[in-house]
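Asker:
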Ligand SMILES: [Zn+2]
């Protein structure tokens, strides 16, 4: 379970002391979301991931750690108004401010994860700014220099989910339609993402939601995509071909997306 305690912390910027919530312990069970957001209880500990100085507004994982940018940022309009974003929750504001600081510090990892976590808090608060945060996160994920192949793959998985959850379905198909990780689980995640994208589904899913029967044949580009469409529409490959060749107006809506799959 998650336990927290308050401890006194001295802000590295203004040197004033304030009580901050510290995570004493947490445990994880269940499958993470497709963007690797942890399941309960770790998920619910997000309120304690950042500290905020009530005196000067400095936000950091540890406010005793020095700010590696000009402290003027804390007084800037951009920082004070969260760049005009009217977030529903204070937690979202805190992550967004950490994003602004990380950007000023040129700490790309922190910049990206602050935005991703900001999107998560928007999800929790039912805040539509989640889409905007994911679009911003897609810009900053590009700046991260992955240190290992595992990290590189994880970032790609997160990227796929960011695209889908920020409603960029065509881009997801274009970018990941032919991608293979050479890893069964990762390939299944991407196949599932493509399936959801074809349905225009931007909801949150966990690894547990991946259908066991996803079997997209790796091989010819066209064959793979036809299989995907068949899978999404729960029809046979022959039926997909028939639909493709027909031009019945009432069926155009659900098959409209097909054209894009053959680009
Ligand atoms: Zn302070």
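In the numbering used here, the protein residues as written are 893 to 1155.
Backbone N, C-alpha and C define an ideal beta-carbon position, used for all residues, glycine too.
Quickly, what does DSSP pair residue 914 with across the bridge? List them, please.
Answerer: 897
Asker: List the whole-angstrom C-beta distance separating residue 1076 from residue 923, where the pair is believed to meet the contact cut-off of C-beta under 8 Å.
Answerer: Actually they are not in contact, since the Cβ atoms of residue 1076 and residue 923 sit about 16 Å apart, beyond 8 Å.
Asker: Apply the 10 Å Cβ neighbour rule to residue 1071 and answer buried if 16 or more other Cβ atoms are within range, or exposed otherwise.
Answerer: exposed
Asker: Could you tell me which of 1081, 979, 951, 925 sits nearest to residue 992, measuring between CA atoms?
Answerer: 951
Asker: What's the gap between the Cα of residue 995 and the Cα of residue 1091?
Answerer: So the two alpha carbons sit approximately 35 Å from each other.
Asker: Assuming residue 935 is part of the alpha helix (DSSP H), what are its boundary residues?
Answerer: Premise fails: residue 935 is in no alpha helix (DSSP H) and is neither H nor E.
Asker: Do residue 1021 and residue 979 count as a contact pair if the criterion is CB distance below 7 Å?
Answerer: yes
Asker: Mapping DSSP to helix, strand and coil, what is residue 1065?
Answerer: helix
Asker: Which stretch, first to last residue, makes up the alpha helix (DSSP H) that contains residue 1097?
Answerer: Element bounds for residue 1097: n/a, residue is neither H nor E.
Asker: If you draw a straight line from the alpha carbon of residue 997 to that of residue 895, how long is it in whole angstroms?
Answerer: 31 Å
Asker: What residue does the alpha helix (DSSP H) around residue 1016 start on, and which one ends it?
Answerer: 1000 to 1016
Asker: Taking residue 1076 as part of the alpha helix (DSSP H), name the residues at either end of that continuous run.
Answerer: 1076 to 1090
Asker: Quick one: what's residue 902 bridged to in DSSP?
Answerer: 909
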